[in-house]
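A.B. asks:
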Amino acid sequence: MKDPTDQPMSRRARLRVQTSDEIKAIALRQMADGGPGAISLRAIARDMGMTAGAIYSYFATRDDLLTTLIGDLYGSLVETAEAARDALPQDDPGGRIQAWAYAVRSWALAHPEGFRLIYGDPVPGYQEPADSPGKAAGLRACTGLVGLVAAAWPTARAAAPAGRDYGWDDFDPGLVGHVREEFPELPPQAVALTLRVWGRMHGLMALELYGHLSPLIGAPATVYRDEMDALIASLGLSAS
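Quick note on numbering: numbering that gives the first Met the number 0 labels position 33 of the sequence shown as 32, and the sequence is numbered without any gaps.
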């Protein structure tokens, strides 16, 4: 049933959303052309035929624009990965790891500048606020990845390097606090494994997005799939 409190968006509100979306799209094009430091509100205003004062009514500073942009993009990425993971049953940890990886790669190929903004070189002079939506999305991504390894841990524990005794003091305190709150039974070795899994997921993907694979192989998706198959096998798992 439709919520009776829901009201259609006014024309003015729709135009504001459309203008905001256009500003963010142009910012990504600027980044594609000149790198992360090329994003400029004044240049965007010129492209859109707006005055500087008008565009500042949407985003007061370049950093406000970046904070919104990173939050939107990172949120979209995590939602895509979570949906792909949750399309498979919880008793298929290998399949869920692969689904997450393939979803992130597909999203990154569709949003290459978004991937670079989230995971690439930092924007000069930009400091992301601690309470930003991007930070919240990053925490969701962390929870998702650790959760994938936690589900696989009863089998994957054998993949931990022999003789390597990780302790909680080997990791960032903020990461430790989050993991121990969300997954209290998980040992430090599983956190180390999560970082290795993340690295294997993102390694070839980053090489592809930054143009290093295309001169070397015509089908980078094939080598990525082989790497994910090898990852799953190394954890003692299988994928559906």
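No residue lacks a Cβ here, since even glycine has one placed at the ideal position from N, Cα and C.
Can you find the residues in the same chain that come closer than 8 Å, C-beta to C-beta, to residue 29, ignoring five residues on each side of it along the sequence?
C.D. replies: Residue mapping note: residue 29 aligns to position 30 of the sequence shown, counting from 1. These residues qualify, in order along the chain: 37, 38, 39, 42 and 43.
A.B. asks: Within the same chain, show all residues whose beta-carbon is closer than 8 Å to that of residue 0, passing over the 5 residues directly before and after it, in chain order.
C.D. replies: For the purposes of this step, residue 0 is taken as residue 1 along the sequence shown, with counting starting at 1. Any reading at residue 0 must be qualified, since the residue scores a pLDDT of 47, below 50, and its modelled position is unreliable; no value is offered.
A.B. asks: May I have the straight-line CA-CA distance separating residue 51 from residue 151, to the nearest angstrom?
C.D. replies: Walking along the sequence shown from the start, residue 51 turns up at place 52. Walking along the sequence shown from the start, residue 151 turns up at place 152. For residue 51 and residue 151, the gap between their C-alpha atoms comes out near 52 Å.
A.B. asks: Between which two residues does the alpha helix (DSSP H) carrying residue 105 extend?
C.D. replies: Here residue 105 refers to the residue found at position 106 of the sequence shown. 92-109 is the span of the alpha helix (DSSP H), which, as asked, contains residue 105.
A.B. asks: Taking the C-alpha atoms as reference points, what is the distance between residue 159 and residue 188?
C.D. replies: The residue you call residue 159 lines up with position 160 of the sequence shown. The residue you call residue 188 lines up with position 189 of the sequence shown. The alpha-carbon atoms of residue 159 and residue 188 are separated by roughly 7 Å.
A.B. asks: Starting from the N-terminal side, write out each stretch of the alpha helix (DSSP H) that is 4 residues or longer and does not extend beyond the region 10-63.
C.D. replies: 10-33, 40-47 and 51-55
A.B. asks: Who are the near neighbours of residue 139 in its chain, counting only those whose CB is closer than 6 Å to its CB and skipping five residues on each side?
C.D. replies: In the sequence shown, residue 139 corresponds to position 140, counting from 1. Cβ within range, chain order: 77.
A.B. asks: In the structure shown, what three-state DSSP assignment does residue 227 receive?
C.D. replies: Position 228 of the sequence shown, counted from the start, is the residue given in the question as residue 227. Residue state, collapsed to three classes: helix.
A.B. asks: Near residue 27, what residues of its chain come up, given a Cβ to Cβ distance below 6 Å and the 5 sequence neighbours on each side ignored?
C.D. replies: Translated into the one-based positions of the sequence shown, residue 27 becomes position 28. The residues are 112.
A.B. asks: Span of the alpha helix (DSSP H) holding residue 129?
C.D. replies: In the sequence shown, counting from the first residue as 1, residue 129 sits at position 130. Counting along the chain, residue 129 falls outside any alpha helix (DSSP H), and DSSP gives it neither H nor E.
A.B. asks: So what's residue 171 in DSSP terms, helix, strand or just coil?
C.D. replies: Taking the sequence shown and counting its residues from 1, one reaches residue 171 at position 172. DSSP, reduced to helix, strand and coil, places residue 171 outside both helices and strands of the structure shown, so it counts as coil.
A.B. asks: Quick one: residues in its chain with C-beta nearer than 7 Å to the C-beta of residue 149, no 5 flanking neighbours on either side, listed in chain order?
C.D. replies: Numbered from its first residue, the sequence shown carries residue 149 at position 150. Hits under 7 Å: 182, 185 and 189.
A.B. asks: Just how far apart, CA to CA, sit residue 20 and residue 75?
C.D. replies: If you number the sequence shown from 1, residue 20 lands on position 21. If you number the sequence shown from 1, residue 75 lands on position 76. Those two C-alpha atoms are separated by around 14 Å.
A.B. asks: If you follow the alpha helix (DSSP H) that residue 200 is in, where does it begin and where does it stop?
C.D. replies: Taking the sequence shown and counting its residues from 1, the one referred to as residue 200 is at position 201. Per DSSP, residue 200 belongs to the alpha helix (DSSP H) from 187-208.
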